[in-house]
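Report on the following structure.
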Amino acid sequence: MSTISLRLPESLHETVRELAEKDRISINQFITLALAEKVSALMTEEYLGARAKRGSRRKFEKALAKVADAEPAKYDKA
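For the sequence shown, our numbering gives the first residue as 1, with consecutive numbering after it.
Written out as structure tokens, the structure is:
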């Protein structure tokens with residue numbers, strides 16, 4: 001495990017302290033989880049962008065053509 005020295009504005013530090021206390025976790029754990037969520041979001045965005053580049057309009061339309069032309073069930077109607 002690595003150690004990092006982090007400088008935070010006092011207001012942000014206080015907010016993190018309050019939120020961590022509310023979740024009954026340490027500030028360190030809160031910041032670790034927040035960082036993990038951000039990294040995950042960025043990696044997901046990158047992954048989806050790469051997948052989108054591999055997409056094909058022709059294949060999409062071919063798959064869409066297989067969908068039955070039927071009215072949606074009552075519970076699916078807005």
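Even glycine gets a Cβ: it sits at the ideal position worked out from N, Cα and C.
Relative to R17, the option among I27, A52, D23 whose CA is nearest is I27.
For the region 5-38, not one full-length beta strand (DSSP E) segment reaches 3 residues or more.
Taking the Cα positions, K53 is about 19 Å away from L64. In the three-state reduction of the DSSP assignment, K77 falls in the coil class. Note that the C-beta distance between A41 and F30 is not below 7 Å.
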